[in-house]
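Here the structure comes first, spelled out in structure tokens, and everything after it is commentary.
Residue numbers (this note's numbering): 1 to 408.
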């Protein structure tokens, strides 16, 4: 979206507006990194509700920006706009485009820039081959994004204004779905009491997350199609020439356009392979440990404390008699404190958790759980399960298990 907005804003007739755009983008990025550092060091308090505000602001500002893009392209096509009106239009669009891009950067950059801090498990050292590989992948990811942005910016600059308007409209609609999924996920994980989501929407969150991945693939596929069309348009020589020198210039231009299109196409294909085959191989789910035995009397499940007091993750399964097997886990925290929750979370669904060394890890997103927060709501934590300690054991009511059986 940064490449799309830049390709439109830098086609304005006023040179000062173009200069403002690039200077503003650099300033916004530097400020975003600075705010990210301040957030990481706890100098700035930042709640997830701020991300909801940013995404909503991006949604409405982006919508207004697209309307202005179409109005601008239509008026410019007619050639009847006054110089003063055109300048006002360009300044308004410049501001809206920068606000839109700034909201997206403030939402995403702070999360992405400190990802290397999450590559380490508890007690692990940075001086390991695995951490080096993950960090190298992180740097390459930023490099690919930068190349993608620069190449697609040049590709869009070579298109007409109406083509750019159509392209940014399509990509905005695809991005808007991703904003929607993100907002729903944040509200469901952190603000369920403040904002009441419909029950159907809450249960559909895992499917929405899967659909989000499909939308990302469709977005990259569209980039590849645009690149293919661009290559096809520049196979033949376009334009008139009066001498061999002008012909060579035109041939060079067509060759450069084909190379640009081929570069975007190659990046698109790489991104699609990375998000499908490579991701599937690297994110292969770990086989869950088998379910352990427990005692059951009526609607009461009883698990002796000595069975789960070794500091490891313990998994249990209960059949509700209607074809649903509900899993839950128990993890010892400190002393006689235990984290008890379903073997599923609000974000990643029922893929479960596994134990890696002394860490409890989400089987889908590979996030390491803080043992002290297991049993509490929020994020990738297991969905809390009500329980009690009686007669030297943990007691769970099957009605509480059955209430969440729809997740499995």
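C-beta atoms are modelled at their ideal positions from N, C-alpha and C, and glycine is treated no differently. All values reported here derive from a predicted model rather than from experimental measurement.
Compare the Cα-Cα distances from residue 338 to each of 105, 64, 304 and 12 and report the closest residue.
304
For residue 219 versus residue 105, is the C-beta distance shorter than 8 Å?
Inclusion of residue 219 and residue 105 in the CB contact set at 8 Å is not warranted, their separation being larger than that value.
Is residue 56 buried or exposed, if buried means 16 or more other CB atoms sit within 10 Å of its CB?
exposed
If residue 340 sits next to residue 383, beta carbons under 8 Å apart, how far is it from one beta carbon to the other, in whole angstroms?
Not confirmed; about 10 Å, so no contact.
Is the distance from the Cβ of residue 71 to the Cβ of residue 107 below 8 Å?
For the 8 Å CB-CB criterion, residue 71 and residue 107 do not form a contact.
With distances taken from CA atoms, which of 188, 264 and 189 is nearest residue 223?
Considering only alpha carbons, the answer is 264.
Does the beta-carbon distance from residue 292 to residue 327 come in below 8 Å?
no
Quick check on residue 238: does DSSP put it in helix, strand or coil?
coil
Note the first and the last residue of the continuous beta strand (DSSP E) segment covering residue 215.
Taken as a continuous stretch (DSSP letters only), residue 215 belongs to no beta strand (DSSP E), being part of the alpha helix (DSSP H) at 205-233.
Can you tell me whether DSSP reads residue 367 as helix, strand or coil?
coil
What are the partner residues of residue 354, as DSSP defines its beta bridges?
361
Let me know the secondary structure DSSP gives residue 384 once reduced to three states.
Residue 384: strand per DSSP, three-state reduction.
Is it true that the region 193-208 meets the region 124-133, where meeting means three or more beta-carbon pairs spaced less than 8 Å apart?
Using a C-beta cut-off of 8 Å, the region 193-208 makes no contact with the region 124-133, since fewer than three inter-stretch Cβ pairs fall below that distance.
In the DSSP assignment, find the unbroken alpha helix (DSSP H) run with residue 40 in it and report its ends.
15-40
So what does DSSP say about residue 253, is it helix, strand or coil?
helix
Could you tell me which residues DSSP puts in a beta bridge with residue 67?
None, per the DSSP bridge assignment.
What does the alpha-carbon distance come out to for the pair residue 18 and residue 164?
Residue 18 and residue 164 have their alpha carbons spaced roughly 17 Å apart.
Can you name the start and end residues of the beta strand (DSSP E) that residue 313 belongs to?
313-319
So, at 6 Å on beta carbons, what are the nonlocal neighbours of residue 376 in its own chain, with the 5 sequence-adjacent residues on each side left out?
none
Please work out which residues of its chain come closer than 6 Å, Cβ to Cβ, to residue 153, disregarding the five sequence neighbours upstream and downstream, and give them in chain order.
Once the five neighbours on either side are set aside, the close Cβ partners of residue 153 are 3, 6 and 7.
Pairs of beta-carbons, one from the region 270-282 and one from the region 307-325, closer than 8 Å: are there three or more?
no
Report the residue ranges of all beta strand (DSSP E) runs contained in full by the region 319-351; include only those spanning at least 3 residues, in chain order.
325-332 and 338-342
Would you mind giving the Cβ-Cβ distance between residue 1 and residue 175, rounded to the nearest angstrom? I have them listed as a contact below 8 Å.
6 Å
By DSSP, does residue 44 sit in helix, in strand, or in coil?
coil
Where does residue 146 land, buried or exposed, given buried means 16+ other C-beta within 10 angstroms?
Flag for residue 146 reads exposed.
Could you give the distance in angstroms between the alpha-carbon of residue 330 and the alpha-carbon of residue 287?
18 Å
Once you ignore the five residues that flank residue 44 on each side, which residues in its own chain have a CB closer than 6 Å to its CB?
38
In terms of alpha-carbon separation, which member of 389, 268, 67 and 408 lies closest to residue 225?
268
Own chain partners of residue 46 with C-beta closer than 7 Å, once the 5 adjacent residues on each side are dropped:
39
Is residue 161 helix, strand or coil by DSSP?
Collapsing the DSSP output to three states places residue 161 in a helix.
Since residue 351 contacts residue 361 with CB under 8 Å, what's their CB separation in whole angstroms?
Contact doesn't hold; Cβ gap of about 11 Å is too wide.
CA-CA distance, residue 403 and residue 273?
40 Å
When we look at the beta-carbon of residue 295 and count the other beta-carbons within 10 Å, is it buried (16 or more) or exposed?
Exposed.
Helix or strand or just coil, what does DSSP make of residue 298?
coil
Best match in 349, 262, 366 and 231 for proximity to residue 356 [C-alpha to C-alpha]
366
Pick helix, strand or coil for residue 392, following the three-state DSSP scheme.
In this structure, residue 392 counts as coil in the three-state DSSP scheme.
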